[in-house]
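Working notes for the structure below.
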Amino acid sequence: AELAPPTLNISLDEDPEVRWKPLLTVFDKDFLNKAGAQVIDSTVPKWVHHAIAPVVSALEKYVPQPYAGEIRGMASHFGGKISDVILLNFAYEISAF
Amino acid sequence: CTSIVAQDKSGNVYHGRNLDYPHPILMNLTMNVDFLKNGEVMYRGTSFAGYVGLWTGQSPNKFTVSGDERRSKRWYNWWKNIVSAFLLGRSPVSWLVRETLEGAEDFQDAVMHLSKIPIITGVYYIVGGVRPGEGVVITRDRTGPADIWPLDPLNGRWYRVETNYDHWLPPPATDHRREVANKALNATGQEQINLETLYQVLSLPPVCNGITIYTTTMSAAHPDEYRSLIRQQS
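Quick mapping for you: the protein sequence lines, in order, are chains D and A.
Residues in the first sequence are numbered consecutively from 29, following my numbering.
Residues in the second sequence are numbered consecutively from 3, following my numbering.
See the structure below:
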């Protein structure tokens, strides 16, 4: 059986840091954190993850708007590390090597 | 991934895609997102919770777009991705999709954006429009297009299939997705192609396979018919 995914309304009129807040009406915060950790663990070796976390955090200032604000907002809403949300958002570019 | 853009005998353009990724957890993170501006849907896409980019999207009555992975042939060029991202400030490929959905005026403008704006690493962008002939596969390098492969319905090329290999090269002998999709589209025929038959083509194994997360079918001229379905994985 195929399932239709949930639909979310994201208002571009909202500030980037708060516009993804409706995610929490559809997805459980703990589930999101666990799922994110699972994707990272299977993509990046643990020691590399620990080693690059501070570097990735420092790179945040190079991320352009509105994505920087959106990523920061997501990390804040979900209680996750900003370096992990950045890693997830660069998953394709990372998996390319 | 597999993306297909096709045109029926009446000139309607249809676009479908399978998103493949070897993480079943993504099935539970998949969502449709309506991006609103002044309360109106400016564009729509299918994505994963926590991910701000788009690999599949539609600008209503303008164009549809999907992205398929293009692997680098030389793994040791990974450092170029780093330079490309942080020193040259280029966009991740999924952010350019979103920017294009937000800013492009029409199909032609979208194709220009997706072809020319520098990105971090290579990808295939597949774009469908609202007028006859408006369908294209763009093979992207970091700095620009490696190839543009448009529909050519007047010469019988009424569909284009893109998986994860340059279309002018044969795929690996073990990967039959392109071949199966081509055969199924030929069997369906231009008279019978529509969003439903396109979905059926995308449901055939191995086009739809154990790592297919979701299938989307869409047609920019009929934005309400945008449909994504999460696949059961074997």
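Cβ coordinates follow ideal geometry from the N, Cα and C atoms, glycine included.
On the premise that Val-163/A lies in contact with Asn-184/A, defined as a C-beta separation below 8 Å, what is that separation, rounded to the nearest angstrom? With a Cβ gap of about 6 Å, Asn-184/A and Val-163/A count as contacting.
Using CA atoms only, rank isn't needed, just tell me which of Tyr-216/A, Ala-87/A and His-178/A is closest to Pro-26/A. Of Tyr-216/A, Ala-87/A and His-178/A, the residue nearest in Cα terms is Tyr-216/A.
For Arg-55/A versus Trp-81/A, is the C-beta spacing smaller than 7 Å? One point to set straight first is that residue 55/A is Gly, not Arg, in the sequence displayed. Not a contact, by the Cβ cut-off of 7 Å.
Taking 7 Å as the CB-CB cut-off, is Pro-94/A touching chain D? It does; some Cβ of chain D falls within 7 Å.
Straight-line gap, His-77/D to Ser-39/D (C-alpha atoms, nearest Å): When rounded, the distance between both Cα atoms is 33 Å.
Quick one: is Asn-61/A near chain D, going by C-beta distance under 7 Å? The question names Asn, but residue 61/A is Ser in the sequence shown. The C-beta of Ser-61/A comes no closer than 7 Å to any C-beta of chain D.
Taking all protein chains shown into account, decide if Gln-60/A is buried (16 or more other Cβ within 10 angstroms of its Cβ) or exposed. Using a 10 angstroms sphere on the CB of Gln-60/A, the tally of other CB atoms reaches 16 or more, which defines it as buried.
Exposure label - Leu-89/A; buried when at least 16 CB within 10 Å: Leu-89/A comes out exposed.
How is Gly-13/A classed by DSSP in three states: helix, strand or coil? The answer is coil: DSSP assigns Gly-13/A none of H, G, I, E or B.
Chain D residues whose Cβ lies nearer than 7 Å to that of Arg-233/A: The contacting residues are Glu-30.
What is the rounded straight-line gap between the Cα of Val-209/A and the Cα of Glu-181/A? Linking Val-209/A to Glu-181/A through their CA atoms gives a straight-line distance of about 9 Å.
Compare the C-alpha of Glu-193/A against each of Gln-9/A, Cys-3/A, Thr-4/A and Gly-69/A and name the closest. Check the Cα spacing between Glu-193/A and each of Gln-9/A, Cys-3/A, Thr-4/A and Gly-69/A: the tightest is with Gln-9/A.
Short of 7 Å in beta carbon distance, which residues of its chain neighbour Thr-71/D, apart from the five on each side in sequence? Order them along the chain. Excluding sequence neighbours, Thr-71/D sits near Ala-119, Ile-122 and Ser-123.
At a Cβ threshold of 7 Å, is Gly-97/D touching chain A? Among the residues facing chain A, Gly-97/D is not included, as its CB has no counterpart in that chain under 7 Å away.
Taking Cβ-Cβ distances below 8 Å as the criterion, which residues of the stretch 38-56 of chain D are in contact with chain A? Answer set for the stretch 38-56 of chain D: Ile-38, Ser-39, Leu-40, Asp-41, Trp-48, Leu-51, Val-54 and Phe-55.
Quickly, what does DSSP pair Glu-181/A with across the bridge? List them, please. For Glu-181/A, DSSP assigns no beta-bridge partner whatsoever.
Taking only the alpha-carbon atoms, compute the straight-line gap between Phe-65/A and Gly-130/A and give it to the nearest angstrom. Rounded to the nearest whole angstrom, the CA to CA distance from Phe-65/A to Gly-130/A is 5 Å.
For Gln-110/A and Ser-117/A, I'd like the C-alpha separation in whole angstroms. Spanning the two alpha carbons is a distance of roughly 10 Å.
Give the residues from the stretch 158-170 of chain A that approach chain D closer than 9 Å (Cβ to any Cβ), ordered along the chain. Listed by position, the residues of the stretch 158-170 of chain A near chain D (Cβ gap below 9 Å) amount to none.
Roughly how many angstroms lie between the CA atoms of Ala-148/A and His-169/A, to the nearest whole one? Near 11 Å, if we compare the C-alpha coordinates of His-169/A and Ala-148/A.
My output table needs one value for Thr-32/A: the three-state DSSP class, helix, strand or coil. Three-state DSSP puts Thr-32/A in a strand.
Can you check whether the CB of Glu-98/D is closer than 7 Å to the CB of Pro-34/D? Contact flag unset, no.
Tell me, to the nearest whole angstrom, how far the beta carbon of Asn-37/D is from that of Leu-38/A; I am working on the premise that it is less than 8 Å. The distance from the Cβ of Asn-37/D to that of Leu-38/A is about 6 Å, consistent with a contact at the 8 Å cut-off.
I think His-115/A touches Ser-68/A, with their Cβ atoms under 8 Å apart; what is that distance to the nearest whole Å? About 15 Å separates the Cβ atoms of His-115/A and Ser-68/A, ruling out a contact at the 8 Å cut-off.
Buried or exposed by the 16-neighbour rule on C-beta atoms within 10 Å, applied to Glu-30/D: Glu-30/D comes out exposed.
Does Ile-79/D have its Cβ less than 7 Å from a Cβ in chain A? Reading off the sequence shown, one finds Ala at residue 79/D, where the question assumed Ile. No, Ala-79/D does not count as interfacial toward chain A.
Measure from the alpha carbon of Ile-140/A to the alpha carbon of each residue in Asn-63/A, Ala-112/A, Arg-179/A and Pro-134/A, then state which is nearest. Among Asn-63/A, Ala-112/A, Arg-179/A and Pro-134/A, the Cα nearest to that of Ile-140/A is on Ala-112/A.
Does any CB atom of chain D fall closer than 7 Å to the CB of Ala-148/A? Output row for Ala-148/A: interface = no.
Applying the 10 Å Cβ sphere with the 16-neighbour rule, what's the burial state of Arg-73/A? Classification of Arg-73/A: exposed, given that the 10 Å Cβ count is below 16.
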